[in-house]
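Asker:
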Ligand code: HEM
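In full-length UniProt numbering, the protein residues as written are 1 to 123.
1. So residue 67 is in the alpha helix (DSSP H); what residue range does that whole segment cover?
2. Helix, strand or coil, according to DSSP, for residue 36 in the structure here?
3. Does the beta-carbon distance from residue 53 to residue 113 come in below 9 Å?
4. Does the beta carbon of residue 54 come closer than 9 Å to any beta carbon on chain C?
5. Along the alpha helix (DSSP H) that carries residue 22, what are the first and last residues, could you check?
6. Are three or more beta carbon pairs between the segment 30 to 43 and the segment 103 to 122 nearer than 8 Å?
7. Okay, do the segment 81 to 89 and the segment 52 to 71 touch, 3+ Cβ pairs below 8 Å being the bar?
8. Within 10 Å of its beta-carbon, does residue 21 have 16 or more other beta-carbons around it, so buried, or fewer, so exposed?
9. State yes or no: is the C-beta of residue 86 within less than 9 Å of the C-beta of residue 32?
10. Closest by CA to residue 97, which one among 55, 28 and 19?
11. Of the residues 92, 47, 2 and 75, which one's Cα is nearest the Cα of residue 19?
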């Protein structure tokens with residue numbers, strides 16, 4: 001069960017990041033695809049399922065005394081913040097690129113933490 005959830009979690013992470021990059025490209029090109037209903041809905045469905053799989057795994061863990069997990073959560077909040085900035089507030093292409101780079105840097109660090117389980121600060 002745990003392994004199944006982990007595979008699902010990683011698959012949803014890949015879909016989530018892939019869609020983030022695609023949407024960022026469409027945004028910067030001013031593409032009409034950004035107005036499609038599915039483009040507005042599907043990312044939220046994927047991110048909710050990603051989180052649900054994560055919560056499922058966390059509920060099966062022996063305890064929450066796992067510093068890497070707490071650091072990961074802080075970075076997830078930062079990742080959401082960069083995404084929000086990119087799609088809602090960044091007005092110039094430069095600002096949008098900065099938002100995208102920030103979000104991708106968070107994802108890379110999150111994935112590194114998830115794999116190594118070696119916290120940067122709390123360890
Ligand atoms: C952008 C968001 C996220 C990304 C990019 C991400 C990435 C990953 C990756 C790549 C793995 C697989 C690690 C491995 O190969 O061993 C993983 C596992 C895991 N993630 Fe996430 N994750 C995200 C969000 C979350 C959240 C919000 C939570 C907690 C509420 C969470 C909890 C977990 C847990 C418990 C595992 C399993 C660790 C293990 O047993 O090896 N993840 N995550």
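Beta carbons: idealized from backbone N, C-alpha and C, even for Gly. Note that this is a predicted model, so its numbers are computed, not measured.
Answerer: Taking the definition as stated:
1. 67 to 84
2. coil
3. no
4. No chain C is part of this structure, which consists of one protein chain only.
5. 2 to 29
6. no
7. no
8. exposed
9. no
10. 28
11. 47
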